[in-house]
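To keep things clear, I will list the structure first and then write my remarks on it.
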Amino acid sequence: MATADVIDSEVRELVERAYSRATTIITKHIDILHKLADLLMEKETVDGEEFMSLFLENQAELYVA
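In terms of the working numbering, the sequence shown opens at residue 2 and continues consecutively.
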């Protein structure tokens with residue numbers, strides 16, 4: 002297998018894992034996403050403190066890694 006094929010395979014695996022993780026997080030917190038959308042429709046902008054309060058009020062896990 003050529004080096005480019007190995008790299009392509011590794012990158013594909015990384016992207017697939019990241020996509021899977023992102024969809025899991027979004028699905029798990031869809032209610033917060035909808036609250037954020039409602040807030041943005043009302044205010045048009047949300048600062049970092051307001052954004053974080055949505056997660057903390059709903060006792061959501063914060064994902065860092």
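Just so you know, even glycine gets a beta-carbon here, dropped at the ideal spot from N, CA and C.
Looking at residue i: is its Cβ nearer than 8 angstroms to the Cβ of residue j?
i     : j     : result
Lys36 : Leu57 : no
Ala61 : Ile31 : no
Uninterrupted alpha helix (DSSP H) stretches inside the stretch 6-45 (no shorter than 4 residues)
31-44
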